[in-house]
Amino acid sequence: MYLSRLALNDFRSYADLVLELAPGVTTFSGLNGEGKTNLVEGIGYLATLGSHRVSGDAPLVRRGADQAILRALVHSGRGDALIEVELNPGKANRVRLNRTPLPRPRELLGILRTVLFAPEDLALVKGDPGERRRFLDDLLVATAPRYAGVRADYERVVKQRTALLKSAGAKSHLRGPAREAMTATLDAWDAQLATAGAPLLAGRLRLTEALRPHIVAAYAAVSGGSKEAAAVSYKATVPVDTGDLEEAILKAIATVRASELDRGVCLIGPHRDELELAVGGMPARGYASHGESWSLALALRLASFALLRDGQEDPVLILDDVFAELDAGRRDRLAAIVADAEQVLITAAVEADVPAVLSGARFAVSNGSVTRG
Ligand SMILES: Nc1ncnc2c1ncn2[C@@H]1O[C@H](COP(=O)(O)OP(=O)(O)OP(=O)(O)O)[C@@H](O)[C@H]1O
Ligand SMILES: [Mg+2]
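Here my numbering is used: the first residue of the sequence shown is 30, the next is one more, and so on.
Written out as structure tokens, the structure is:
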């Protein structure tokens, strides 16, 4: 799949941008702060309905404006699609597909598929487990949009159950029927957590298995077959070798109720799991060098790309500022890996950092305008 047109109105530093794009490689270069990342962030937003840099929408709207509009023309095997997102911070966003409003923004997911690598991805390796859980969940949604609902349901249950644990913990003095009623309510929420958590856990486990060979291969390819291999494993808070994950969650929850009430947190479930990453047999977080961490983060994205393209169309591959951090060998190997993707969008502060084999369309980004070079 590829984008042939991108239009941004009052998005980040862009007042009014229309950009014609073609399949193959396109490079955007320009000095720091000129708007290169803003551009690819807009494309990522159209694909995922979220920014890779901020969690809320307010910073995405150009200073002084009260809404932003993003539009793109997407070409895929399923035909052409005009997608449109209107960002209204503090109010509901609106989404249109081929000029028809969609009742729920989520229905746009899957129309444009992207894999975006950005400097923020270093947090995938060095950051908290939550970063890696989000990586898995985002990728699950990209592979099957129905997981957007699975994920939202689970997050809602965890939030409500946590609130309940907090209030129940404060009422530990209750006795008799009042205590029984509270216990019954907690039991009901345990069941809800298990029901909502099982499909998410199953999805993540399957995804980790599917990703593993791609991550190992991508890391080896980027690092030039260095003897330090990458490894990944999913570490759950419940035993996952049983057939019934819902049952496994329920059983595990039953053993921790006292400490859950004590601490006012849900201790069991996919929201406490970890995707462990290692390089050369050592945990990447804490041991890997900067270059190794960067290469591993990149390998996670390249693996996502390989997985999503498997038997399907290529997602649009976006590499924000990736080359400057890599040594010459890694740059060339990365270039060779991505050169055959259907559409690759690359940003670089220094154009010369992008290997020559990735020749293609070139744009200069300067002060909110993008001109063909
Ligand atoms: N909501 C907004 N309204 C106006 N300007 C904004 C908004 N959000 C960000 N900017 C501006 O956009 C610029 C940052 O753009 P961007 O992150 O795309 O830079 P870049 O070209 O990727 O730079 P670098 O090479 O450092 O990564 C900053 O100058 C910032 O002030
Ligand atoms: Mg940038």
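Quick reminder that beta carbons are idealized off the backbone N, C-alpha and C, glycines included. Note that the coordinates shown come from a computational prediction; the quantities given were computed from them, not determined experimentally.
query                                                                                                                                                                                                   : result
Should residue 172 and residue 383 be called a contact, given that it needs their Cβ atoms to be closer than 7 Å?                                                                                       : no
Go through the region 203 to 288 residue by residue and report every complete run of the alpha helix (DSSP H) that reaches 4 residues or more, in order.                                                : 205 to 252
Please state if the CB of residue 362 and the CB of residue 253 are separated by a distance shorter than 7 Å.                                                                                           : yes
Using three-state DSSP, classify residue 386 as helix, strand or coil.                                                                                                                                  : helix
Quick check: is any heavy atom of ligand 1 less than 6 Å from the C-beta of residue 84?                                                                                                                 : no
Whether or not the region 110 to 127 and the region 161 to 175 are in contact is what I'm after, with contact meaning three or more pairs of Cβ atoms, one per stretch, closer than 8 Å; do they touch? : no
Is any heavy atom in ligand 1 found nearer than 6 Å to the beta carbon of residue 42?                                                                                                                   : yes
Look at the Cβ atom of residue 264, then the Cβ atom of residue 305, and state whether they are nearer than 7 Å.                                                                                        : yes
Please classify residue 174: does DSSP put it in a helix, a strand, or coil?                                                                                                                            : coil
Comparing the CB of residue 66 with every heavy atom of ligand 1, is any distance shorter than 6 Å?                                                                                                     : yes
With a threshold of 16 other CB atoms inside 10 Å of the CB of residue 311, please say whether the residue is buried or exposed.                                                                        : exposed
What's the C-alpha gap between residue 213 and residue 243?                                                                                                                                             : 46 Å
Provide the residue(s) that pair with residue 104 in DSSP beta bridges, ordered along the chain.                                                                                                        : 31 and 109
Assign residue 60 to buried or exposed, taking buried as 16 or more other Cβ atoms, counted over all protein chains shown, within 10 Å of its Cβ.                                                       : exposed
What would DSSP say about residue 144, mapped onto helix, strand or coil?                                                                                                                               : strand
Measuring alpha carbon to alpha carbon, tell me which residue in 262, 358 and 229 is nearest residue 180.                                                                                               : 229
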